[in-house]
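**Student:** The listed protein sequences derive, respectively, from chains A and B. Using numbering that gives the first Met the number 0, read the first sequence as starting at 0 and increasing by one per residue. Using numbering that gives the first Met the number 0, read the second sequence as starting at 0 and increasing by one per residue. Just dropping this structure here.
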Amino acid sequence: MQRLARISFQASDDSTTQRTLFAYVRTALGQTFGYSALLLVAVISLLPLLWMISTSLKAFGREFLFPPQWIPNPVVFGNYITAFETSNLARYFGNTLMIAVLATLGTVISSSLVAFGFARLEFFGKRVLFIILLSTLMLPGIVTLVPTFVLFKTLGWIDTPLPLIVPWWFGGGAFGGAFFVFLIRQFMLQLPRELDEAALVDGASYFRIYWRIMLPLSKPALAASAIFSFIHHWNDFLNPLIFLNSEEWRTLALYLRFFLYTEAGGGAGLTRWNLMMAASVVMLVPVLVIFFSAQRYFIRGVALTGIAGR
Amino acid sequence: MAEADQPAVQRHRRRARIFGWTWRETQGFLFVLPWLFGFAIFIAGPFFFSFFVSLTQWRFIGDLKWLGLENYVRLLSAEDQRFVQAVYNTTYYVVFHVPGVLIISFVIAGLLNRKVRGIAIYRTCFYLPSITTGVATAVLWYWVLQPNGLLNNFINIFLAPFGARGPNWLGSTTWAMPGLIIMSFWTVGTTMIIFLAGFQGIPQHLYEAAEIDGAGWWGKVRNVTIPLMTPQIFLTSVIGVIGSFQVFTAALIITEGGPADATLFVLLHLYQIGFTAFNMGYASAIAWVLFLIILFFTIVQFISAKRWVYYEGVRA
């Protein structure tokens, strides 16, 4: 009996070692596989961007060399100067910046007001109104494309930046704007109610509570909204395409398209890809700067809205 | 709220009443008023007006001619061949784009969720393409998809031993759409981050419990991860379907719907009819048909959600 017990003990001991060894190998393999997969995806994510930058520094006619030349030889920084000199790039940059900043300002101010109303105050029909607000997010924007064009045409706003700015000053009244109200409201709901109730007892008005208590505490949500909004307007293409026709108010997105249109039509060998990529990099830089300086808020904002979907 | 505070709040509430509302209610209403105003002018009003316009022939300048349902009859009876083609193309895109994005972002988020060193760096890399969406991405990919562009440089590494070469993506009716779909997979960052947040919200003890029950890697994914991720999968799928039916920028910039209408999307067709030919009535009818298609798929998803989406362990 004793011997049998010992044998079985040994046997089980053996199999445990085997199992741990197996588990170890498997973990190591899993880790290796995991890291290689991550690395591959990272490379796929970054390569096109790096290629864009690389091409923007290449000499004309050297963009399509095979095998691909990653580090340009010669490096032509002058492409950027040429891109600015041969077009009104600076003007388009300014236009885009102005539109994005004003629209973002309106979005943050008005959305936070509306979000505060939905997060903290009680009024008749609040639940229904909030459901309507959310359902506008489900509504495809194209349905209203034609009538809003008609509306702005009637107002004489076509070919001015107003259609791209004014709707965003109505807290979620613009298409897709409800997203920001939702994001800020979700954040405000998490803040302790004791704060505003104490202020109320002290005789503060609701506007004062909004301005002095809720706004400062909601900074992360406001920052996330501002960043999302800015990047949205900076990259926006459909709306400028429809509401702006003249060169005067052309945005960077419109210019890039215009450039591709006139250039690519000029025959394959004549397209100045290096200048096009330089203009694209110019368009990307502000977005990248914002992204890297405020990444924290960015990722949190995406995560916040995702979790809110539960 | 403490008992002692009551009178002060009461006093505050007892002020003026407007339309029988307390001052507090009135203020609540005032706070959301900007939205109500904007909603009426920029969303609700145009929404109904566009249905009215869709029942007419209207070239914006000149008179409006009442057509009744004629525009719709023309669309649904397949008289407009290009519209049929556009619906087919858009469906093709949605069918591959939405599940593709979900699967790719799910896998990437899963890889990132394994106590990876340098997770923040990877996350940044994966998210970076998403912030460049729009024209810059389209211009960039116009180039990547050239016959001797970056994608083919990559593909030819694998095809060269067989004596084959990557296709002329944008010049071929067969490959133009797959090219645009591949391009759309480059910007999965947002979905990926939503999934990653979801993964990190799954309580660890559930995995431990599954391990005690003898579940392996796949068992844990199938019985713990996927069920608990269904709310995120549902959310991103609904948003994805709504968004991808309205795909536009890439096609307008890269292919202009070509070659031979192979990448003509519904919204592109609408744009050409409404804002190039200024046929507002017909364009509005297209918008409404697309709206109803999107609405149909959204409702189907919401109904089916009851069967497969779990909220905190309970079915929706």
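By construction, the Cβ of each residue, glycine as well, lies at the ideal position given by its N, Cα and C atoms.
#1: By the three-class DSSP mapping on this structure, what secondary structure does Leu63 of chain B have?
#2: Residues bridged to Gln56 of chain B by DSSP?
#3: Rounded to whole angstroms, how far is the Cβ of Thr229 of chain B from the Cβ of Trp307 of chain B, which I believe are closer than 8 angstroms?
#4: Could you tell me which chain A residues have their CB closer than 7 angstroms to the CB of Ala286 of chain B, listed as they occur along the chain?
#5: Just to confirm, is the Cβ distance from Met187 of chain A to Ala277 of chain A under 7 angstroms?
#6: Short of 7 angstroms Cβ to Cβ, which residues in the region 273 to 301 of chain A face chain B?
#7: Taking the beta carbon of Pro139 of chain A as the centre, do at least 16 other beta carbons fall within 10 Å, making it buried, or is it exposed?
#8: DSSP state of Phe8 of chain A, grouped into three classes?
#9: When the distance is taken between beta carbons, is Pro162 of chain A closer than 7 angstroms to Phe242 of chain A?
#10: Could you tell me the distance, in whole angstroms, from the CA atom of Ala163 of chain B to the CA atom of Ser217 of chain A?
#11: Roughly how many angstroms separate the alpha carbons of Thr147 of chain A and Phe41 of chain B, rounded to a whole number?
#12: Classify Pro128 of chain B as helix, strand or coil using the three-state DSSP reduction.
#13: I'd like the list of long-range same chain contacts for Ala118 of chain A, defined as Cβ closer than 6 angstroms, with 5 residues on each side in sequence excluded.
#14: Can you name the residues of chain B whose CB is closer than 9 angstroms to the CB of Gly172 of chain A?
#15: Starting from Val281 of chain A, trace the alpha helix (DSSP H) in both directions and tell me its first and last residue.
#16: Quick one: list the residues of chain B neighbouring Val75 of chain A, beta-carbon separation under 7 angstroms, in chain order.
#17: Determine, for Ile108 of chain A, whether the minimum Cβ-Cβ distance to residues of chain B falls below 7 angstroms.
#18: Using the Cα positions of Val115 of chain B and Gly280 of chain B, report the straight-line distance between them to the nearest angstrom.
#19: Nearest CA to the CA of Tyr121 of chain B: which residue from B:Ile192, B:Thr90, B:Phe244?
#20: Throw me the rounded Cβ distance for the Gly171 of chain A and Trp34 of chain B pair, which I believe falls under 8 angstroms.
#21: Can you tell me the Cα-Cα spacing of Leu144 of chain A and Arg299 of chain A, whole angstroms?
#22: Please return the same chain residues whose Cβ sits closer than 7 angstroms to the Cβ of Gly67 of chain B, not counting the five positions on each side in sequence.
#23: Is it right to say Ala39 of chain B is buried, meaning 16 or more other beta carbons lie within 10 angstroms of its own, or is it exposed?
#24: For a minimum of 4 consecutive residues, which ranges assigned as the alpha helix (DSSP H) are wholly contained in the region 29 to 91 of chain A?
#25: Shorter than 7 angstroms from the beta carbon of Glu24 of chain B to some beta carbon of chain A?
#26: Would you call the region 233 to 249 of chain B and the region 290 to 300 of chain B touching, i.e. three or more CB-CB distances under 8 angstroms?
#27: If we ignore side chains and look at the alpha-carbon of each, how far apart do Ala304 of chain B and Gln231 of chain B end up?
#28: Out of A:Glu121, A:Ile208, A:Arg126, which one is the CA nearest neighbour of Gly27 of chain B?
#29: Do Met51 of chain A and Leu139 of chain B have their beta-carbon atoms positioned less than 7 angstroms apart in this structure?
#30: If you draw a straight line from the alpha carbon of Phe83 of chain A to that of Ala203 of chain A, how long is it in whole angstroms?
#31: Tell me whether Trp54 of chain A is buried or exposed, calling it buried when 16 or more other Cβ atoms sit within 10 Å of its Cβ.
**Tutor:** This is what the structure holds:
#1: Your numbering for residue 63 of chain B matches position 64 in the second sequence. Note: Leu63 of chain B maps to strand in three-state DSSP.
#2: Translated into the one-based positions of the second sequence, residue 56 of chain B becomes position 57. As a beta-bridge residue in DSSP terms, Gln56 of chain B pairs with B:Lys64.
#3: Position 230 of the second sequence, counting from 1, holds the residue named residue 229 of chain B. Position 308 of the second sequence, counting from 1, holds the residue named residue 307 of chain B. The Cβ separation is near 6 angstroms, so the contact holds.
#4: For this step, residue 286 of chain B is matched to residue 287 along the second sequence. Ile141, Val142, Leu144, Val145, listed in chain order.
#5: On the first sequence, position 188 is the one that residue 187 of chain A refers to. On the first sequence, position 278 is the one that residue 277 of chain A refers to. No, the pair does not count as a contact, with Cβ atoms beyond the cut-off.
#6: When C-beta distances to chain B are compared with 7 angstroms, the residues of the region 273 to 301 of chain A below that value are Met275, Ser279, Met282, Leu283, Val286, Phe290, Gln294, Ile298, Val301, in chain order.
#7: Within the first sequence, the letter at position 140 stands for residue 139 of chain A. Label assigned to Pro139 of chain A: buried.
#8: On the first sequence, residue 8 of chain A is found 9 positions in, with the first residue counted as 1. With a pLDDT of 44 at Phe8 of chain A, under the threshold of 50, the modelled position of that residue is not reliable, and no figure is offered here.
#9: As a first step, residue 242 of chain A must be located in the first sequence, where it is residue number 243. As a first step, residue 162 of chain A must be located in the first sequence, where it is residue number 163. In this structure, Phe242 of chain A sits near Pro162 of chain A, with a CB-CB distance shorter than 7 angstroms.
#10: In the second sequence, the residue the question calls residue 163 of chain B occupies position 164. In the first sequence, the residue the question calls residue 217 of chain A occupies position 218. C-alpha separation (whole angstroms): 57 angstroms.
#11: For the purposes of this step, residue 147 of chain A is identified with residue 148 of the first sequence, where counting begins at 1. For the purposes of this step, residue 41 of chain B is identified with residue 42 of the second sequence, where counting begins at 1. Just so you know, the alpha carbons of Thr147 of chain A and Phe41 of chain B end up roughly 7 angstroms apart.
#12: In the second sequence, the residue the question calls residue 128 of chain B occupies position 129. If DSSP states are grouped into helix, strand and coil, Pro128 of chain B belongs with the helices.
#13: Locating residue 118 of chain A in the first sequence gives position 119, where the first residue counts as 1. Exclusion of the five residues before and after Ala118 of chain A leaves Arg184, Met187, Leu188 as the residues of its chain whose Cβ lies within less than 6 angstroms of its Cβ.
#14: Locating residue 172 of chain A in the first sequence gives position 173, counting from the first residue. Contact of Gly172 of chain A with chain B by beta-carbon distance below 9 angstroms involves Pro33, Trp34, Leu35, Phe36, Gly37, Phe38, Ala39, Ile40, Phe41, Ile42.
#15: Working through the first sequence from its first residue, we reach residue 281 of chain A at position 282. Counted as a single uninterrupted DSSP element, the alpha helix (DSSP H) harbouring Val281 of chain A occupies residues 272 to 292.
#16: For this step, residue 75 of chain A is matched to residue 76 along the first sequence. Contact note: Val75 of chain A does not reach chain B at a C-beta cutoff of 7 angstroms; the least C-beta distance is about 17 angstroms.
#17: Translated into positions along the first sequence, residue 108 of chain A becomes position 109. It does not; no Cβ of chain B falls within 7 angstroms.
#18: Walking along the second sequence from the start, residue 115 of chain B turns up at place 116. Walking along the second sequence from the start, residue 280 of chain B turns up at place 281. Val115 of chain B and Gly280 of chain B have their C-alpha atoms some 55 angstroms from each other.
#19: One-based indexing of the second sequence puts residue 121 of chain B at position 122. Among B:Ile192, B:Thr90, B:Phe244, the Cα nearest to that of Tyr121 of chain B belongs to B:Ile192.
#20: What you label residue 171 of chain A is simply residue 172 of the first sequence in a count that begins at 1. What you label residue 34 of chain B is simply residue 35 of the second sequence in a count that begins at 1. Gly171 of chain A to Trp34 of chain B, Cβ: 5 angstroms. Contact.
#21: Numbered from 1 along the first sequence, position 145 holds the residue referred to as residue 144 of chain A. Numbered from 1 along the first sequence, position 300 holds the residue referred to as residue 299 of chain A. In a straight line, the C-alpha of Leu144 of chain A is about 32 angstroms away from that of Arg299 of chain A.
#22: Within the second sequence, residue 67 of chain B is the residue found at index 68, counting from 1. Residues of the same chain with a CB within less than 7 angstroms of the CB of Gly67 of chain B, apart from the 5 flanking positions on each side, are Leu54 in chain order.
#23: For the purposes of this step, residue 39 of chain B is identified with residue 40 of the second sequence, where counting begins at 1. Here Ala39 of chain B is exposed. Its C-beta has fewer than 16 other C-beta atoms within 10 Å.
#24: 77 to 84, all fully within the region 29 to 91 of chain A.
#25: Translated into positions along the second sequence, residue 24 of chain B becomes position 25. It does: the Cβ of Glu24 of chain B has a partner Cβ on chain A nearer than 7 angstroms.
#26: Output reads yes: the region 290 to 300 of chain B touches the region 233 to 249 of chain B.
#27: By one-based count along the second sequence, residue 304 of chain B stands at place 305. By one-based count along the second sequence, residue 231 of chain B stands at place 232. Between Ala304 of chain B and Gln231 of chain B, the C-alpha separation is close to 12 angstroms.
#28: Reading the second sequence from its first residue, position 28 is the one you call residue 27 of chain B. Among A:Glu121, A:Ile208, A:Arg126, the Cα nearest to that of Gly27 of chain B is on A:Glu121.
#29: Reading the second sequence from its first residue, position 140 is the one you call residue 139 of chain B. Reading the first sequence from its first residue, position 52 is the one you call residue 51 of chain A. Cβ distance < 7 angstroms, so Leu139 of chain B and Met51 of chain A count as in contact.
#30: Numbered from 1 along the first sequence, position 84 holds the residue referred to as residue 83 of chain A. Numbered from 1 along the first sequence, position 204 holds the residue referred to as residue 203 of chain A. Rounded to the nearest whole angstrom, the CA to CA distance from Phe83 of chain A to Ala203 of chain A is 53 angstroms.
#31: Locating residue 54 of chain A in the first sequence gives position 55, where the first residue counts as 1. Residue identity check: residue 54 of chain A is Thr in the sequence provided, not Trp. It counts as buried.
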